[in-house]
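Trainee: So for the sequence shown, the numbering used here puts the first residue at 2; every next one is plus one. Okay, here's the structure, questions in a sec.
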Amino acid sequence: MDDRLTTAVEQLNEDKVLKLVKQRLQAGKDPAYLQEQIRLGMIKVGILYEKGEYFIADLIMAGEICKNALKLILFKPENQQTSKKGKVLLGTVQGDLHDIGKNIFASMIEADGFEVIDLGIDVPPEAFVDNAVELKPQILAMSGVLTLAVESMKKTVDAIARAGLRNHVWILVGGNPVNRDSFKYIRADAFTNYADEGVAICNNWIGIKI
Ligand code: B12
């Protein structure tokens with residue numbers, strides 16, 4: 002396998018990352034495949050940070066490189082259809098400032114024809130609730146990368162239930178700390194570690210409706 006793109010991300014070599022992405026897009030490579038190679042590079046950056054070989058400045062640098070590379074890969078829908086499939090309320094949960102994965106999911110689901118209301122990062126449960134009451138989305142999607150995100154996701158689901166909305170909105174959670182066990186604890190309706198799978202789940206729900 003050619004993992005030069007993953008290695009360039011790991012080495013924080015922005016020029017090389019952007020050059021390889023452009024070259025591969027021109028050669029007709031699948032953007033999803035390129036995205037995955039970048040994600041693997043980011044995981045390696047995280048490992049070097051854990052080992053003490055990279056520092057916080059390197060994480061910031063990695064984030065910038067990743068965002069710039071994704072600008073080349075992610076796209077907006079060509080035909081801005083006026084009637085949308087459904088409304089997705091999205092945010093990175095309280096305490097977590099990571100937004101790259103969230104932005105990938107936002108871009109993919111928007112391109113698939115959904116309306117996305119992105120509340121940004123570090124979103125407290127009350128903000129999810131207030132916006133859900135006002136905007137009546139069919140889907141509430143939460144992103145988190147830190148371990149502490151699991152607790153924030155649970156608090157958000159609890160707050161949605163207290164507001165009487167639990168049976169009126171599908172809840173999807175995504176990001177690295179989400180797995181079968183944490184999903185059960187959070188009590189969402191579905192979880193995934195992949196943005197494209199998240200899009201498929203939302204399409205399925207819209208077919209069922211609440
Ligand atoms: C870049 C980065 C940063 C950047 C983030 C920039 C940004 N704008 O997002 C900055 C510098 C801000 C940062 C800060 C910190 N970070 Co940081 N960071 C990373 C790094 C290297 C990459 C994360 C990333 O963007 N990955 C690429 C994206 C594409 O992957 P992803 O987020 O997993 O998203 C994919 C899927 O999960 C999924 N997905 C994600 N969300 C959603 C949502 C839905 C609905 C769906 C369907 C799918 C989905 O789709 C995406 C595409 O497939 C990771 C390493 C790693 N292993 O992840 C550490 C990492 C997450 N950070 C870590 C830490 C410790 C920190 C800090 C605490 C460091 C510090 N001492 O200050 C702070 C915390 C700040 C905070 N409160 O959030 C730890 C987390 C440890 C833990 N388990 O909690 C990691 C794992 C590094 C490590 N190995 O130690 N970080």
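Ideal Cβ positions, reconstructed from N, Cα and C, are used throughout, including at glycine. Quick caveat: nothing in here was measured; it's all calculated off a predicted structure.
What's the C-alpha gap between Ser144 and Gly29?
Mentor: For the purposes of this step, residue 144 is identified with residue 143 of the sequence shown, where counting begins at 1. For the purposes of this step, residue 29 is identified with residue 28 of the sequence shown, where counting begins at 1. So the alpha carbons of these two residues sit roughly 30 Å apart.
Trainee: Return yes when the Cβ of Pro178 is within less than 9 Å of the Cβ of Leu136, no when it is not.
Mentor: To locate residue 136, count along the sequence shown from 1; it is residue 135. To locate residue 178, count along the sequence shown from 1; it is residue 177. Not in contact: Leu136 and Pro178 (Cβ atoms no closer than 9 Å).
Trainee: Rounding to the nearest angstrom, what Cα-Cα distance links Leu19 and Asn69 in this structure?
Mentor: Residue numbering aside, residue 19 sits at position 18 when the sequence shown is read from its first letter. Residue numbering aside, residue 69 sits at position 68 when the sequence shown is read from its first letter. Their Cα atoms are separated by approximately 8 Å.
Trainee: Grouping DSSP H, G and I as helix and E and B as strand, with all else coil, what is Thr224?
Mentor: An answer regarding residue 224 cannot be provided, because it is not within the stretch 2 to 211 covered by the chain.
Trainee: Whole angstroms is fine: what's the gap from Gly53's alpha carbon to Leu120's?
Mentor: On the sequence shown, position 52 is the one that residue 53 refers to. On the sequence shown, position 119 is the one that residue 120 refers to. Distance between the alpha carbons of Gly53 and Leu120 is about 33 Å.
Trainee: Counting only runs that start and end within the stretch 160-209, where is the alpha helix (DSSP H) found for 4 or more residues in a row?
Mentor: 181-187, 196-209
Trainee: Would you report the Cα separation of Asp31 and Thr93, rounded to the nearest angstrom?
Mentor: If you number the sequence shown from 1, residue 31 lands on position 30. If you number the sequence shown from 1, residue 93 lands on position 92. Using only the alpha carbons, I get a separation of about 27 Å.
Trainee: Output the distance between the C-alpha atoms of Asp159 and Arg5, rounded to the nearest integer angstrom.
Mentor: As a first step, residue 159 is located in the sequence shown; it is residue number 158 there, counting from the start. As a first step, residue 5 is located in the sequence shown; it is residue number 4 there, counting from the start. Between Asp159 and Arg5, the C-alpha separation is close to 44 Å.
Trainee: According to DSSP, simplified to helix, strand and coil, what is Ile105?
Mentor: The sequence position of residue 105 within the sequence shown is 104, counting from 1. Note: Ile105 maps to helix in three-state DSSP.
Trainee: Is the distance from the Cβ of Leu75 to the Cβ of Val46 below 9 Å?
Mentor: The residue labelled residue 75 in the question sits at position 74 within the sequence shown. The residue labelled residue 46 in the question sits at position 45 within the sequence shown. No; because the gap between Cβ atoms is not below 9 Å, this pair is not in contact.
Trainee: Under 6 Å Cβ to Cβ from Phe129, same chain only, skipping five residues before and after it: list those, please.
Mentor: Locating residue 129 in the sequence shown gives position 128, counting from the first residue. Within the same chain, Phe129 has close Cβ partners Thr157.
Trainee: So for Thr93, helix, strand or coil by DSSP?
Mentor: Here residue 93 refers to the residue found at position 92 of the sequence shown. Three-state DSSP puts Thr93 in a strand.
Trainee: Kindly list the residues whose CB is nearer than 7 Å to the CB of Tyr55, restricted to its own chain and excluding five residues on each side of it in sequence; keep chain order.
Mentor: Translated into the one-based positions of the sequence shown, residue 55 becomes position 54. Excluding residues up to 5 positions away in sequence, Val46, Leu49 lie with their Cβ nearer than 7 Å to the Cβ of Tyr55 in the same chain.
Trainee: Measure how close the beta-carbons of Ile118 and Leu98 come, nearest whole angstrom, since I'm counting them as under 8 Å.
Mentor: Taking the sequence shown and counting its residues from 1, one reaches residue 118 at position 117. Taking the sequence shown and counting its residues from 1, one reaches residue 98 at position 97. That belief does not hold up - the Cβ atoms of Ile118 and Leu98 are roughly 19 Å apart, past 8 Å.
Trainee: Compute the distance between the beta-carbons of Gly42 and Thr83, then report whether it is under 9 Å.
Mentor: Position 41 of the sequence shown, counted from the start, is the residue given in the question as residue 42. Position 82 of the sequence shown, counted from the start, is the residue given in the question as residue 83. Not in contact: Gly42 and Thr83 (Cβ atoms no closer than 9 Å).
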